[in-house]
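Beneath this line is the structure, given in structure tokens, with notes to follow.
Protein chains in written order, with my numbering: chain A, 446 to 783; chain B, 446 to 783.
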């Protein structure tokens, strides 16, 4: 096995890529939540000036990359690759959003784990010497996701208590071979894990075993445990999934209760905003990472964190056909020190 | 710019990864076509023994990987990563097909360019020293694609003359750091190119400018031209798109008429099988590459080829909303010599 791999599944990056800049965008609900001040842009118009919600999501993808570029003082031509994805059928949020920028494009589908998948591959492309600057990004939109996965929003369907709220949000990280940090030091690629959960309104429970699998593999590979990190963030398991991850680790004698949070529980206010089990969508963990988390690392709130977004790899068709819900979780370790 | 990159967009792999094994699967129509003898498995049952076509496509993804593993004498646990994608909403062909194998999974969405995207990223992961063995694969299914993009097959809708036929096929390449070849020597990542074509029944015309863009960038970066290769294969442009690519190069004074073919024109028999403009779908170029092309390299028919599959990044929703069709084309150079 190659020397860059430690243990079975984790890569320790030899020259950890640096965050060069980051940006996020949110909608009205995100602007009313506790992380509002960590957004670069909040837009009350769910159409973002466009005629359809799908075009709005594409606009978010384009704008969030432009903002990250501005903050780094770069032009689209300075970026070697953009790795992006979203929840829409055929990922039209990313492909239509990014088509005018002319940056070499690797399209990803990792459901709500996409921000982790993009950061992982972007880091490997840079550390491998194939790129100097790479953009990693993801988005979701409440109205496009409701129409596609459940019911069109104007129908006013009732949501079940375990349901999560798809964030209208996007986040972009520009990574570079050189920079002041924070740095991506480790990458663990997720496996598809399916424990037989069939309720598409309880995706936290479906994804929790994948988060447990990836985090456990990472801890084993690196010979570390939760106490070695200032904070650990999954996303977007919501309350129920967060609870299950802690339970699964408890059975192994590992205490996750002290510093483990979930992006889906951070984005909205449990009391003031009725989001049921919490936030979800590619944009939820993407916006939390490219706002609250990276700002916290920059400002010294944390020195080393794990970011492990989770995705539910279902479609309405797979659920109609009685399938259970496979989950996946990609992890990156982010540190202020190389 | 990093030394591994030559020109603006192409990576010359320092230790070109080797094809370790390859496999493909096709359906009834593929078994009646001119490439039938290059398939490892041909199945007359469009359900592949499953209850739905979507489950059938997942079965193809699983089986094609198992076949490639068998041929290399490997187990799923020997594979460091699998990179896979398909055309289905939320890519359920790959995620459901691969969930039981427990291999770290990077999900891709590149429409019909997915086989090229998977080979490109797999090669970079190996050359970067992050993996020893990686599987790259893609699939499509006529009946799942018709239902999703156009009309359910039982409706018997008429197809337009420029329409292509989505292949029921899958292909998998196992790449490794060590091996007897053929080798992936160069990778060029595609840009999203949109020239304003809006007819979803004429995807060859929509994707041709992307193929031209990537091939032109590759020729410029490597200071080579069509005559430096034994054969050049795009996929899946079909007849019309193939014509357009030759026209675009003709305007540059570059002759593509001698050795340029398209996977969509190879898979079916123009006279005996009425496929209109040709084959398409992720599985078309994936099956042609992992059969006819790699066998041809192995048997000495060619020594150096370009494989440049093209994807149309549309969805039914984007077409309903009046959007044009963005295309993308990822390229790999495959050679019997390192």
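Backbone N, C-alpha and C fix where the C-beta goes; we use that ideal spot for every residue, glycine too.
- Task: Return no unless some Cβ of chain B is closer than 7 Å to the Cβ of residue 537/A.
- Result: For the purposes of this step, residue 537/A is taken as the residue at position 92 of the first chain. It does: the Cβ of residue 537/A has a partner Cβ on chain B nearer than 7 Å.
- Query: Relative to the alpha-carbon of residue 603/A, which residue among 721/A, 464/A, 742/A has its alpha-carbon at the smallest distance?
  - Reply: Along the first chain, read from residue 1 onward, the residue named residue 603/A stands at position 158. Relative to the Cα of residue 603/A, the nearest Cα in the group 721/A, 464/A, 742/A belongs to 721/A.
- Task: State the DSSP-derived secondary structure class of residue 486/A, mapped to helix, strand or coil.
- Result: Sequence index remark: in the first chain, residue 486/A carries index 41 (1-based). Strand.
- Member of 558/B, 474/B, 528/B, 488/B whose CA lies at the smallest distance from the CA of residue 655/B: The residue you call residue 655/B lines up with position 210 of the second chain. Selected option, being the one with the closest Cα: 558/B.
- Query: Does the beta carbon of residue 534/B sit closer than 7 Å to a beta carbon anywhere in chain A?
  - Reply: Taking the first residue of the second chain as position 1, residue 534/B is located at position 89. Yes, residue 534/B counts as interfacial toward chain A.
- Those residues which DSSP pairs with residue 776/A across a bridge: Position 331 of the first chain, counted from the start, is the residue given in the question as residue 776/A. In DSSP, residue 776/A forms a bridge with 633/A.
- Query: Is there at least one Cβ from chain B nearer than 7 Å to residue 544/A's Cβ?
  - Reply: Here residue 544/A is taken as the residue at index 99 of the first chain, counted from 1. Yes, residue 544/A counts as interfacial toward chain B.
- Query: Under the rule that 16 or more other beta-carbon atoms within 10 Å means buried, what is residue 515/A, buried or exposed?
  - Reply: To locate residue 515/A, count along the first chain from 1; it is residue 70. The residue in question, residue 515/A, is exposed, as its Cβ has fewer than 16 Cβ neighbours within 10 Å.
- Residues that DSSP places opposite residue 754/A in a beta bridge: For this step, residue 754/A is matched to residue 309 along the first chain. For residue 754/A, which the question treats as bridged, DSSP gives the partners 680/A.
- DSSP state of residue 643/B mapped onto helix, strand, coil: Position 198 of the second chain, counting from 1, holds the residue named residue 643/B. It is coil, neither helix nor strand.
- Just checking, does the stretch 497 to 515 of chain B make contact with the stretch 691 to 707 of chain B on the three C-beta pairs under 8 Å criterion? Contact between the stretch 497 to 515 of chain B and the stretch 691 to 707 of chain B is absent, because fewer than three Cβ pairs lie under 8 Å.
- Specify the secondary structure class of residue 446/A as computed by DSSP and reduced to three states. Position 1 of the first chain holds residue 446/A. Residue placement at residue 446/A cannot be trusted, given a pLDDT of 38 that sits under 50; the coordinates are not used to answer.
- Does residue 628/B get closer than 7 Å to chain A when you measure Cβ to Cβ? Working through the second chain from its first residue, we reach residue 628/B at position 183. Residue 628/B does not count as touching chain A.
- According to DSSP, is residue 469/B helix, strand or coil? In the second chain, the residue the question calls residue 469/B occupies position 24. Correct three-state label for residue 469/B: strand.
- Are residue 534/B and residue 760/A closer than 7 Å when you measure CB to CB? Taking the first residue of the second chain as 1, we reach residue 534/B at position 89. Taking the first residue of the first chain as 1, we reach residue 760/A at position 315. Contact: yes.
- Using 7 Å as the limit for Cβ to Cβ distance, is residue 640/B near chain A? Taking the second chain and counting its residues from 1, one reaches residue 640/B at position 195. Chain A contact via Cβ: absent.
- Message: Measuring CB atoms only, is the stretch 605 to 620 of chain B touching the stretch 485 to 503 of chain A, in the sense that at least three cross pairs come out at less than 8 Å?
- Response: Counting Cβ pairs under 8 Å, fewer than three are found: no touch.
- Query: Buried or exposed: where does residue 545/A fall if 16 or more other Cβ atoms within 10 Å of its Cβ makes it buried?
  - Reply: If you number the first chain from 1, residue 545/A lands on position 100. Result: exposed.
- Whose C-beta lies closer than 6 Å to the C-beta of residue 447/A among residues of the same chain, with five residues either side of it excluded? The residue given as residue 447/A occupies position 2 in the first chain. In this prediction, residue 447/A has a pLDDT of 45, which is less than 50 and means its spatial position is unreliable; nothing more can be read from the coordinates.
- Task: Look at the Cβ atom of residue 633/A, then the Cβ atom of residue 454/A, and state whether they are nearer than 7 Å.
- Result: Position 188 of the first chain, counted from the first residue, corresponds to residue 633/A. Position 9 of the first chain, counted from the first residue, corresponds to residue 454/A. It is a contact, given that the beta carbons lie within the stated cut-off.
- Query: Nearest chain A C-beta to residue 454/B closer than 7 Å, yes or no?
  - Reply: Reading the second chain from its first residue, position 9 is the one you call residue 454/B. Against chain A, the CB of residue 454/B has a partner CB under 7 Å away; the residue lies at that interface.
- By DSSP, does residue 454/A sit in helix, in strand, or in coil? Sequence index remark: in the first chain, residue 454/A carries index 9 (1-based). It is coil, neither helix nor strand.
- With hydrogens ignored, establish whether the beta-carbon of residue 724/B is closer than 6 Å to any heavy atom of the ligand ZN. You won't find the ligand ZN in this model; it holds no ligand whatsoever.
- Query: Since residue 566/B is in the alpha helix (DSSP H), which residue starts that stretch and which ends it?
  - Reply: Stepping through the second chain from its first residue, residue 566/B is reached at position 121. Where residue 566/B is concerned, the enclosing alpha helix (DSSP H) stretches over 559 to 572.
- Query: Does DSSP put residue 613/A in a helix, in a strand, or in coil?
  - Reply: Numbered from 1 along the first chain, position 168 holds the residue referred to as residue 613/A. Reduced to three states, the DSSP call for residue 613/A is coil.
- Which residue from 479/A, 745/A, 564/A puts its Cα closest to that of residue 630/A? As a first step, residue 630/A is located in the first chain; it is residue number 185 there, counting from the start. Per the Cα distances, 564/A.
- Task: Use the C-beta contact count for residue 586/B: other C-beta atoms within 10 angstroms, 16 or more gives buried, fewer gives exposed.
- Result: Translated into positions along the second chain, residue 586/B becomes position 141. Residue 586/B comes out buried.
- Check whether the stretch 592 to 600 of chain A touches the stretch 681 to 696 of chain A, counting contact only when three or more Cβ pairs, one atom from each stretch, lie closer than 8 Å. They do not touch, by the three-pair rule.
- Message: Using the three-state DSSP reduction, which class does residue 578/B fall into: helix, strand or coil?
- Response: Locating residue 578/B in the second chain gives position 133, counting from the first residue. Three-state DSSP puts residue 578/B in a strand.
- Query: Which residues in the same chain as residue 567/A place their Cβ atom closer than 6 Å to its Cβ, once the five residues preceding and following it in sequence are excluded?
  - Reply: Residue 567/A sits at position 122 when you count from the first residue of the first chain. The answer, listed in chain order, is 528, 579, 581, 620.
- Query: Should residue 747/A and residue 676/A be called a contact, given that it needs their Cβ atoms to be closer than 7 Å?
  - Reply: As a first step, residue 747/A is located in the first chain; it is residue number 302 there, counting from the start. As a first step, residue 676/A is located in the first chain; it is residue number 231 there, counting from the start. For residue 747/A and residue 676/A, yes; Cβs fall inside 7 Å.
- Message: Can you find the residues in the same chain that come closer than 6 Å, C-beta to C-beta, to residue 783/B, ignoring five residues on each side of it along the sequence?
- Response: Within the second chain, the letter at position 338 stands for residue 783/B. Its chain contains 461, 628 as the residues whose beta carbon lies nearer than 6 Å to that of residue 783/B, once the 5 sequence neighbours on both sides are disregarded; these appear in chain order.
- Could you check how far apart the C-beta atoms of residue 713/A and residue 474/A are, in whole angstroms? I think they sit under 8 Å. By 1-based counting over the first chain, the position of residue 713/A is 268. By 1-based counting over the first chain, the position of residue 474/A is 29. Their Cβ separation, rounded to whole angstroms, is 7 Å, which keeps residue 713/A and residue 474/A in contact under 8 Å.
- Apply the 10 Å Cβ neighbour rule to residue 606/A and answer buried if 16 or more other Cβ atoms are within range, or exposed otherwise. For the purposes of this step, residue 606/A is taken as the residue at position 161 of the first chain. When all chains shown are included, residue 606/A counts as exposed.
- Task: Note down, in chain order, every chain A residue with its Cβ under 7 Å from the Cβ of residue 714/B.
- Result: For the purposes of this step, residue 714/B is identified with residue 269 of the second chain, where counting begins at 1. Listed by position along chain A, the residues whose Cβ is nearer than 7 Å to that of residue 714/B form an empty set, because the closest Cβ is around 30 Å away.
- Message: Counting only Cβ pairs nearer than 9 Å, list the residues of chain A close to residue 562/B.
- Response: For this step, residue 562/B is matched to residue 117 along the second chain. In chain order: 551, 552.
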